[in-house]
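Novice: Going by UniProt numbering, the sequence shown opens with residue 1, and the numbers climb by one from there.
My questions all concern the structure below.
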Amino acid sequence: MHVLNPIDPRLQKQLDVLLEPTHMRTFIAAISDSTELSVRSVPVVSNFLITLFSRWHAKRSTILESLLLSGVSLLTALWNAVRKTRLWEVATAGRVHISIVEGTTENDEISNGSILTLSRRRFCPLGHWLMSEYIDLNSFLEAAVAEDDVVAQPTKRALGKNQKILNNVPFVIPFDVRVKIFREWVRLDRNRNGLEDLQWHNPIARITIRRQHVFEDGFSHLNALGSRLKNRIAITFISEQGYEEAGIDGGGVFKEFLTSLSKQAFDPNYGLFQITREQLLYPSPHAVASEDTQLPYMEFLGRILGKALYEDVLVDAAFAPFFLTKWLGRINYLDDLPSLDPDLYRGLISLKNYDGDVADMGLTFSIDDDDFGTSRSVDLVPNGSHIPVTAENRRRYIHLVANYRLNTQIMRQTNAFFRGLKDLIEPKWLKMFNQQELQMLIGGATSPIDIADLRRNTQYGGGFDEEHPTVQAFWNVVEHFDEEDKRKLVKFVTSCARPPLLGFKELRPQFAVRNAGQEVERLPTASTCVNLLKMPAYRDPQALKEKLLYAINAGAGFELS
């Protein structure tokens, strides 16, 4: 095991520190190996970690560089400091968690900082935090939904007990249960707005969308609707050749509109979003993106993603963790910087640990922005370009740089985005998820397409059934597709390349394959409005494979034949 540098003795008297995430593995190992603790103490250790993170969350600027392995005394001091708090007056782990969520404002800070800190990296096995043995999950789901219905009333604003758990320690409730709660909250919102059976409502708007101008036409027709975007919208696509595409919008055409619009808007070449080194999206930091003329587009895009969440439509977009943190109502700190710019993060940490004369580096309290090839200097503080960075003020400089890149530089863009999102999605609905879970809620499961699961949840029509030779050949062909072609098939039929979050049993309507007749020279077609694949009764498996691959790679709309 790597031995860290000696700990500064002064740090043993300063417990108001937040642990650097890169050292958390060491911390947990030291806690687990402590002779004070036994296996029976694991729930207490878990709560100790939570409390430690929450208690010193606000003082992230002090980062403990060397930790635990160099001195048992610091571990003992940390342990004793937390053990003596009143959080430990209750014996069982379940009651400890409940005491946290029903406690004081100080304890309520747990939801804000500690959960996000713990979720950046996985330090514990999956399910480590779950309290299923202490909580009846079915009753909890029903109670949390009922509480939301009460809180939504104008005279009732205080959170109920179950909502406090979701707000403060959501990780004790399984993710799939929280997803169901989220969907139930949306259903209640539909009921309050008279939208219980949306498919039977007359559309609030009927619009035509040109395939080549999906974002522009969508913005022109829909942006002014605001929160009324919760209503049904009927879409007709105009093909690249200029004629209407066939297809009755039972929800699937609008679903395709959402995914097509998102694909266009999130393309870095479009200018609204950029990508990190890991190809993850975040709002463009360029100056033009923060101009008043551009902000309505970001607001509209927030509404569009809100509509996707509201309608349970998956969007094929992966966002950077630091941007997802903002969805949860939080600002970012230095330890969020690696998800944006790991090189800058390493440079700042090197500056923090630099033993030489910092003044010799020639840094000032300013930062250079590269705006489409043009460099401009931005002061981090008033007159910052004339204030040198020294050993004494470098910590402030480091955190100002991180704050600028993570928060200030994209503030106007993100504020506009969240104004739009809030028109459809209550912010409190999202606070029970961490960044990774929120990404799955937006974009679906990241696991490979499970063809066996898809097959178990497929219906047949037009004379097809599970034993039909064409159906047998179809599944044999699809099972041997590579992952990319499997996703293209799912996208061709459902308009989204990822599986539903809880498996294909959640797809509504169910995935279906229908016999399209004996004209085997024709290509398969799809109706995404009903998740239906229409396939001629091919007799030759090789011909089936070739025509299916051609269809799913053609990228055409409803008129494909």
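Virtual Cβ for every residue (Gly too), placed ideally from N, Cα, C.
Among L363, R232, A320 and D368, whose alpha-carbon lies nearest the alpha-carbon of R395?
Specialist: R395 has its Cα closest to that of L363, out of L363, R232, A320 and D368.
Novice: Give the list of continuous alpha helix (DSSP H) stretches no shorter than 4 residues that lie fully inside the region 440-511.
Specialist: If we require 4 residues or more, the alpha helix (DSSP H) runs fully inside the region 440-511 come out as 451-456, 469-479 and 483-494.
Novice: To the nearest angstrom, how far is the alpha carbon of N434 from that of N223?
Specialist: Spanning the two alpha carbons is a distance of roughly 29 Å.
Novice: For a quick check, are the C-beta atoms of A320 and L280 less than 8 Å apart?
Specialist: Yes, the pair counts as a contact, with Cβ atoms nearer than the cut-off.
Novice: For P524, which residues in the same chain have their Cβ closer than 7 Å to its Cβ, ignoring the five residues on either side in sequence?
Specialist: Closer than 7 Å at the Cβ level, and outside the excluded window around P524, lie L533, K534, M535, K547, L548 and A551.
Novice: For Y310 versus L424, is the C-beta spacing smaller than 8 Å?
Specialist: Cβ distance < 8 Å, so Y310 and L424 count as in contact.
Novice: Can you tell me where the beta strand (DSSP E) with F237 in it begins and where it stops?
Specialist: It spans I233 to I238 - the beta strand (DSSP E) in which F237 sits, taken as one unbroken run.
Novice: According to DSSP, what are the bridge partners of K534?
Specialist: Paired residue(s): R514 and T525.
Novice: State the Cα-Cα distance for the pair N457 and Q510, rounded to the nearest angstrom.
Specialist: About 7 Å.
Novice: Which residues does DSSP list as the beta-bridge partners of A205?
Specialist: BP columns for A205 point to I233.
Novice: In whole angstroms, give me the CA-to-CA distance for residue 562 and F322.
Specialist: The requested residue 562 does not occur in the structure, where the chain is confined to residues 1 to 561.
Novice: Rounded to whole angstroms, what's the CA-CA distance from F273 to G306? Just pull it up for me.
Specialist: One C-alpha to the other measures close to 17 Å.
Novice: Measuring CA to CA, which of G226, V253, E142 and L225 is closest to T236?
Specialist: For T236, the nearest C-alpha among the options comes from V253.
Novice: My assumption, with CB atoms under 8 Å, is that S367 sits in contact with L380. Please give the rounded CB distance.
Specialist: In the sequence as displayed, the identity of residue 367 is Ile instead of Ser. Confirmed, about 6 Å.
Novice: Please give the ranges of any beta strand (DSSP E) in the region 240-291, keeping only runs that are unbroken, at least 3 residues long and fully inside the region.
Specialist: Fully enclosed beta strand (DSSP E) runs of 3 or longer: 273-275 and 281-283.
Novice: Any chance the region 491-501 sits against the region 439-450, with 3 or more Cβ pairs inside 8 Å?
Specialist: Counting Cβ pairs under 8 Å, three or more are found: they touch.
Novice: Expressed to the nearest angstrom, what Euclidean distance is found between the alpha-carbon atoms of L507 and S350?
Specialist: Their backbone Cα atoms lie some 49 Å apart in a straight line.
Novice: First and last residue of the alpha helix (DSSP H) that includes S366?
Specialist: Taken as a continuous stretch (DSSP letters only), S366 belongs to no alpha helix (DSSP H), being part of the beta strand (DSSP E) at S366 to D371.
Novice: Ignore the nearest five residues each way along the sequence and tell me which others in T155's own chain have a CB closer than 7 Å to its CB.
Specialist: Unreliable positioning characterises T155 in this predicted model, as indicated by a pLDDT of 46, which lies under 50. The coordinate reading is nonetheless provided below. Answer for T155: no residue qualifies.
Novice: By DSSP's criteria, T390 is part of a beta bridge. Which residues make up the other side?
Specialist: Beta-bridge pairing links T390 to no other residue.
Novice: Where DSSP assigns a beta bridge to residue 565, which residues make up the other side?
Specialist: With the chain represented from 1 up to 561, any question about residue 565 goes unanswered, as that position is not in the structure.
Novice: Which of the three DSSP states is assigned to T293 in this structure?
Specialist: In the structure shown, T293 sits in coil (DSSP, three-state: anything other than H, G, I, E or B).
Novice: Taking buried to mean at least 16 other C-beta atoms within 10 Å of its own C-beta, is residue 562 buried or exposed?
Specialist: Within the shown structure, residues of the chain are numbered from 1 to 561, placing residue 562 beyond reach of any answer.
Novice: Check this for me: beta carbons of L166 and R178, under 8 Å apart or not?
Specialist: The answer is yes: Cβ separation under 8 Å.
Novice: Sorted by chain position, which residues of the same chain lie with C-beta nearer than 7 Å to Q264's C-beta, five sequence neighbours on each side aside?
Specialist: Result list for Q264: V214, F215 and Y270, in chain order.
Novice: Short of 7 Å in beta carbon distance, which residues of its chain neighbour K453, apart from the five on each side in sequence? Order them along the chain.
Specialist: Here the sequence assigns Asp to residue 453, which means Lys is not the residue at that position. Excluding sequence neighbours, D453 sits near G503 and F504.
Novice: Taking DSSP as the reference, what is the three-state secondary structure of V313?
Specialist: In the structure shown, V313 sits in coil (DSSP, three-state: anything other than H, G, I, E or B).
Novice: Quick check on R419: does DSSP put it in helix, strand or coil?
Specialist: In the structure shown, R419 sits in a helix (DSSP, three-state: H, G or I).
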